[in-house]
Amino acid sequence: MIRPELAELLLHFIVFYLGAGIGSFLNVVIYRVPLGISVNNPKRSFCFSCKKQIPWYRNLPLITWLAQRGKCAECGARISFRYFFVELLTGLLFYAVFRHVMAEAIVYWSYPSMWSFLPVWGPVVLVFCIFTALLVSGTFIDIDHYILPHSITLGGLVVGLLSSFLVPAIVPVMMFGEGFEGEVPGRGKAILISFSSACLGLGLLWVVVELGKLAFGRRKMKFDSIQNWNIAQPDENEAPVFTVGDEKLSYNDIFARRSDRLIITTDTVTVNDRSFGKGKAEVHMETIHIIPDEGEKVIYKLEEVKKIEGRTTEIVIPREAMGFGDVLLIAMIGSFLGWQAVLFTIVAASMLGSVFAIFTRIIGHTEWSAKIPFGPYLAGGAMIWLFYGPQFVHWYLTRAGFRAEY
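Numbers in the working numbering are just positions in the sequence shown, counted from 1, shifted up by 174.
Structure follows, in structure tokens:
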């Protein structure tokens, strides 16, 4: 038989390498989900260059990338370091979750062996490893594509609600920072806490989104010289593209909501075979309004327009201060971590974004911070809460002279 000490050491390694294996799967999710490719078909990973499927013995987490020096074994094409990084990061985070939960459990029970209370800590570790995997995949998808897929945010929200019902011990352990010594609520109360926390997160960030839309909802561009512009649809299966000068914007990037409108101050504009003089063109999601300085307004349905082009010196582009995916992400975070984590995560994410912006300004790379959406900062804030949030709040309230109860 395996000695208990050796079994515990082996378990530590298994948790880490299992996390790395999940990280390998997350690489598939990060690549395929935004492109609409099934994560199950093809079932095996494939080289992006030669398209050959990768056999299992060449797809070992961490080991394969190191052994092949970051290259495809078939064609020699370089494999991004990020694939190795995601595997390593997920492995480390899974192990950190395991150690954190185990520390809470050992402090409470003081049992000589972790196996004695596996049925208690095991489900809690599983829940928060799932939560961590959702954050990792969402973070890298958001960085690459500026989107947070519903399959991750809404799907994760459902998983969070179910987890609170099936494993109500997550409420005192992670939501309230009381560890295993806290009172475990009944299943009904646990899911109510999870649901109300998700609603709080959704409501708070929705208010932020709407206020941000009022304050920063328009981007005005003025040109020193007259610029040519047009709207064209490259392919019937793709969204139309607005081009002005050298800049191209997809309809998907311009119109986040039906009330958005792109306003173009026109010198001339031609729609199909009809020309108009100076005025404005208001482009809506499904219609185009031509408002000449002299004459009546003409409204075209988008499908009626075969060609539209003109000349302009000024345009106003609608924009969002934050995407709705971020709103759903904070709701998902609330369903797993509770209402305190919602408040902490929003503040921590704002601080992380500000610190990174200041850092990039100091080193002269402000474009780096401009390219990172808010989702990764929310994920970072949630992970800080997961490991240190309750302790940090306790320390802060004590230092500020308040009673350290929350």
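Don't be surprised by glycine CBs; every beta carbon is placed ideally from N, CA and C.
Beta-carbon gap between residue i and residue j smaller than 7 Å
i: Gly296; j: Pro235; result: no
i: Ile365; j: Leu335; result: yes
i: Leu503; j: Leu552; result: yes
i: Val516; j: Gly508; result: yes
i: Val299; j: Phe339; result: no
i: Gly330; j: Met506; result: yes
i: Asp434; j: Ile400; result: no
i: Arg361; j: Pro346; result: no
i: His463; j: Lys475; result: no
i: Gly555; j: Ala523; result: yes
i: Ile344; j: Val301; result: yes
i: Pro550; j: Thr313; result: yes
i: Phe566; j: His274; result: no
i: Met496; j: Val381; result: no
i: Val260; j: Asn214; result: no
i: Arg432; j: Met459; result: yes
Which of helix, strand or coil DSSP assigns to residue i
i: Val358; result: coil
i: Leu537; result: In the sequence as presented, Leu is not what sits at residue 537; that position holds Ile. Correct three-state label for Ile537: coil.
i: Glu478; result: helix
i: Ile489; result: strand
i: Tyr580; result: Legend: pLDDT at Tyr580 = 48, less than 50; position of this residue unreliable, value from coordinates given subsequently. Tyr580: coil per DSSP, three-state reduction.
i: Ile365; result: helix
i: Gly563; result: helix
i: Gly330; result: helix
i: His568; result: helix
i: Ile473; result: strand
i: Gly499; result: helix
i: Ile532; result: helix
i: Glu460; result: coil
i: Ala523; result: helix
i: Pro342; result: coil
i: Gly386; result: helix
i: Ser465; result: Here residue 465 turns out to be Ile, not Ser, going by the sequence shown. Ile465: strand per DSSP, three-state reduction.
i: Gly575; result: coil
i: Glu483; result: strand
Residue i beta carbon near the ligand SAH (any heavy atom closer than 6 Å)
i: Glu421; result: As far as ligands go, the structure on display features none, and thus does not contain the ligand SAH.
Contact belief for residue i with residue j at Cβ below 8 Å, rounded distance in angstroms
i: Ser311; j: Ile204; result: 6 Å
i: Arg315; j: Pro208; result: Looking at the sequence itself, residue 315 is Ile, so the reference to Arg does not match. Yes, Ile315 and Pro208 are in contact; Cβ-Cβ is about 6 Å, under 8 Å.
i: Trp513; j: Leu374; result: 5 Å
i: Pro228; j: Arg218; result: The question names Pro, but residue 228 is Ile in the sequence shown. Indeed, because the Cβ distance is near 6 Å, the residues count as touching under 8 Å.
i: Gly451; j: Asp467; result: 7 Å
i: Asp500; j: Leu379; result: 6 Å
i: Phe258; j: Val189; result: Actually they are not in contact, since the Cβ atoms of Phe258 and Val189 sit about 19 Å apart, beyond 8 Å.
i: Val129; j: Val445; result: Residue 129 lies beyond the stretch modelled for the chain, which goes from 175 to 580, so this question has no answer here.
i: Ala430; j: Glu494; result: 5 Å
i: Phe518; j: Ser337; result: Not confirmed; about 19 Å, so no contact.
i: Ile253; j: Trp239; result: 6 Å
Any 3 or more C-beta pairs closer than 8 Å across the segment 303-320 and the segment 482-495: no
Length-filtered (4 minimum) alpha helix (DSSP H) runs lying within the segment 390-453: 425-428
Those runs of the alpha helix (DSSP H) which lie wholly inside the segment 196-256 and span at least 4 residues: 237-241
The segment 243-250 / the segment 218-228 touching (three or more Cβ pairs under 8 Å): yes
Cβ contact check for the segment 380-393 and the segment 406-415: 3 or more pairs under 8 Å: no
Sufficient close CB pairs (3 or more, under 8 Å) joining the segment 441-459 to the segment 472-488: yes
The segment 184-198 touching the segment 255-274, judged by at least three CB pairs closer than 8 Å: yes
Length-filtered (4 minimum) alpha helix (DSSP H) runs lying within the segment 285-318: none
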